[in-house]
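Remarks on the structure that follows.
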Amino acid sequence: MKNDMDKAAGITLTAGGAVLARMKAIGIDYIFANSGTDFPPIIEGLAEAAAKDIDLPHALVMPHENAAMGMAHGYYLATGKAQAVMAHTNVGLANCAIGAINAATEHVPVVLMSGRTPVMEKGRLGARTVPIGWGQEMRDQGAMVRESAKWEYELKFPEQVPDVVDRAYAIASSVPKGPVYVSLPREVLCEPCPGDAIDGPLRQQPVQIAPPQASVEAAADILAKAKNPVIIAQRGTGTAEAFGRFSDLVDQWGIPVVQYWAIQLAIGTEHPMFAGMDPAPWLKDADAVVVIDCLAPWSPDIHALRDDCKVVQVGQNPLYSRFPGRNFAADISLAGETGDVIMMLADAMDRRQGECSDACEARRSKVAAINADTRKKALGLADSGAVDPMSKGYVSRCLSDAIANRPATVFSELGCPLEPLSLSAHSSWFQEPHSGGLGWSFPAAMGYQLADKDKLVLATMGDGSYMFANPTACHQIAEALELPILILVLNNNEWGAVRQSVTGIYPDGYASKTNEMPLTALKPSPDFTKVAEASRAWVAKAARAEDLPGILRDAIKHIDTHRTHALVEVTIAP
């Protein structure tokens, strides 16, 4: 890459080309872009750099901005590297807003950029030329994503390009990570920018943080001395190394791990210390709770802690300071990259091995027995869903069998639930962000597949989530980029999550007693296979439980053989 960047030295580029070249120089691989009338200097910059043999990130055409944000999100989950999204002025930025909310909630770094409608009406290259130049002007364009962005700026002069791009990348990648936003006025992008400042290393390094060792030791003391400790994890362990170390730690000390509303896998579902998804049985007696990267580790309305229970919170931002109301106890907060903090805590626990005596082994045996019974009941419930129409749990069971003994990553968005799956690897499971910006799993799975072309990647979602994903755009991308993902659409003809919320609050209410609950039905259902077929996907329908295992095997065989994407529409019960 250095030789390619050296070619920029001494060359004058347009600012549009310089933005692109600088992003490549600091390690951004892809720009997920939906172009518009503000893009002429960006497109000219791409062509100019190609003519001058300057290396640039891969610029990928995204037919919808929600797909662009989802793919950047998924690519980061696979690689740990922030990517760039470019959108068209205010309207494109508006379509990016949901993805920005999701990324902010999940601490996913994205360098989000959009054009700004030209300021000048005449007399300058890049000035307004069509009526939308007036119609797309805003007093405060950045306000649309300000609550989600860690930092925002508008490029004022072309010579600012290296500094602004570096600052955007560094802040997005600093702990706690998250999206940033830069506005790019068209006139500025049209101006020349010296190329000699485009190459070279990143001049602002991201901020890395770690908890004080004394705090780690204090947390280890609490955990080692606890009689009834429990760990609640939502966003995994951060790294594959920490995943393995964490599994060994909880096994040695006999600590149950609850994955309440899990976003990522923290412990294998067959691990003896995996305590299911419900924290209630464990919290009532707990004298120590370690919370690993949880936005909401339990529900205060239904879960209560003992007065003497100590709580340790771990994560990039353990108190989740972005969110106005979050009042969970934190006797000790350990801030840093989750994987790093877990490794520090594990080292501290190793120094206390002498305290892990016969009582520890007795607790492990007791917890393992309880968890085995919980697991057996969960699998039994899933198996009982092998009726017509089948249950989501049964679909998970069939999916587990279909992907057994091979590397696979499952993205679920109100699709296949985690508990019945048999998963044991880091990065094998991702659920939709807790911000609930739907239409996420399809493009996120494609972003992950873009980073790892050989792995089996699956996107499972409800029928409503599939429609939210702008499926026509997503299927076009999957075909164009040759991304062989498997898509499962679990179709129950309704907003199932909304129904559950209503019945949860009003279990004996009028809505729960109606034949068709208001504002939840999605009838008549489209034929989703036809949408996928429009982009030459392999498709099938599974209406009967007995047919699903064979259909899943056929879909995966197609992907392995032909390397194109596939969709299975599964009829499930309300």
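Per this note's numbering, the sequence shown starts with residue 1, numbered consecutively. Here a beta-carbon is modelled for each residue, glycine too, at the ideal position from N, C-alpha and C.
{"Item": "What does the alpha-carbon distance come out to for the pair residue 469 and residue 331?", "Value": "41 angstroms"}
{"Item": "Nearest to residue 535 by CA position, among 473, 243, 162, 146, is which residue?", "Value": "473"}
{"Item": "Helix, strand or coil, according to DSSP, for residue 175 in the structure here?", "Value": "coil"}
{"Item": "Among all the DSSP beta bridges, which residues are the ones paired with residue 569?", "Value": "489, 541"}
{"Item": "With a cut-off of 8 angstroms, do at least 3 Cβ pairs link the region 192-209 to the region 343-355?", "Value": "no"}
{"Item": "State buried or exposed for residue 157, treating a residue as buried only when at least 16 other CB atoms are found within 10 Å of its CB.", "Value": "exposed"}
{"Item": "Alpha carbon to alpha carbon, how far is residue 167 from residue 549? Give it in angstroms, no decimals.", "Value": "50 angstroms"}
{"Item": "Given a cut-off of 8 angstroms on the beta-carbon distance, is the pair residue 520 and residue 455 in contact?", "Value": "no"}
{"Item": "Which term fits residue 22, buried or exposed, when burial requires 16 or more other beta carbons within 10 angstroms of its beta carbon?", "Value": "buried"}
{"Item": "Which residues mark the beginning and the end of the alpha helix (DSSP H) in which residue 252 is found?", "Value": "240-253"}
{"Item": "Determine, using beta carbons only, whether residue 393 and residue 382 come nearer to each other than 8 angstroms.", "Value": "yes"}
{"Item": "What would DSSP say about residue 574, mapped onto helix, strand or coil?", "Value": "coil"}
{"Item": "If you reduce the DSSP assignment to three classes, tell me which class residue 89 lands in.", "Value": "helix"}
{"Item": "In whole angstroms, what separates the C-alpha of residue 220 from that of residue 268?", "Value": "23 angstroms"}
{"Item": "Measuring only the C-alpha atoms, how far is residue 152 from residue 179?", "Value": "9 angstroms"}
{"Item": "According to DSSP, simplified to helix, strand and coil, what is residue 344?", "Value": "helix"}
{"Item": "What did DSSP end up calling residue 167 once you bin it into helix, strand or coil?", "Value": "helix"}
{"Item": "Is residue 82 a contact residue of the ligand MN, with contact defined as CB to any heavy atom under 7 angstroms?", "Value": "Of ligands this structure carries none, so the ligand MN is not represented either."}
{"Item": "Mark residue 237 as exposed unless 16 or more other C-beta atoms lie within 10 angstroms of its C-beta, in which case mark it buried.", "Value": "buried"}
{"Item": "Taking the alpha-carbon positions, what's the residue 95 to residue 183 distance?", "Value": "15 angstroms"}
{"Item": "Looking only at C-alpha atoms, which of 271, 322, 261 sits nearest to residue 297?", "Value": "261"}
{"Item": "Can you confirm whether the region 115-122 touches the region 35-45 when touching is taken to mean that 3 or more C-beta pairs between the two stretches lie within less than 8 angstroms?", "Value": "yes"}
{"Item": "Pick helix, strand or coil for residue 194, following the three-state DSSP scheme.", "Value": "strand"}
{"Item": "Counting only the same chain and skipping the five closest in sequence on each side, list residues whose C-beta sits under 6 angstroms from that of residue 5.", "Value": "In this prediction, residue 5 scores a pLDDT of 46, lower than 50, which makes its location untrustworthy; the coordinate-derived value is nonetheless stated afterwards. Hits under 6 angstroms: 25, 199."}
{"Item": "Do you know how far the Cα of residue 530 is from the Cα of residue 483?", "Value": "19 angstroms"}
{"Item": "Less than 8 angstroms between the C-beta atoms of residue 443 and residue 34, yes or no?", "Value": "no"}
{"Item": "How should residue 516 be labelled, buried or exposed, when 16 other C-beta atoms within 10 angstroms of its C-beta is the threshold for buried?", "Value": "exposed"}
{"Item": "Helix, strand or coil for residue 364, going by three-state DSSP, please let me know.", "Value": "helix"}
{"Item": "Give the straight-line distance between the Cα atoms of residue 2 and residue 201, rounded to the nearest whole angstrom.", "Value": "Reliability of the predicted coordinates at residue 2 is poor, the pLDDT of 47 falling under 50, and no value is obtained from them."}
{"Item": "Under 8 angstroms between the Cβ atoms of residue 241 and residue 315?", "Value": "no"}
{"Item": "Between 448, 101, 333, 464, which lies nearest to residue 458 when the distance is taken from Cα to Cα?", "Value": "448"}
{"Item": "Let me know the secondary structure DSSP gives residue 208 once reduced to three states.", "Value": "coil"}
{"Item": "Here's the rule: buried if 16 or more other CB atoms are within 10 angstroms of the residue's CB, otherwise exposed. What is residue 140?", "Value": "exposed"}
{"Item": "Expressed to the nearest angstrom, what Euclidean distance is found between the alpha-carbon atoms of residue 560 and residue 551?", "Value": "14 angstroms"}
{"Item": "Could you give the DSSP three-state label for residue 71: helix, strand or coil?", "Value": "helix"}
{"Item": "Which value, in whole angstroms, describes the spacing of the CA atoms of residue 189 and residue 76?", "Value": "27 angstroms"}
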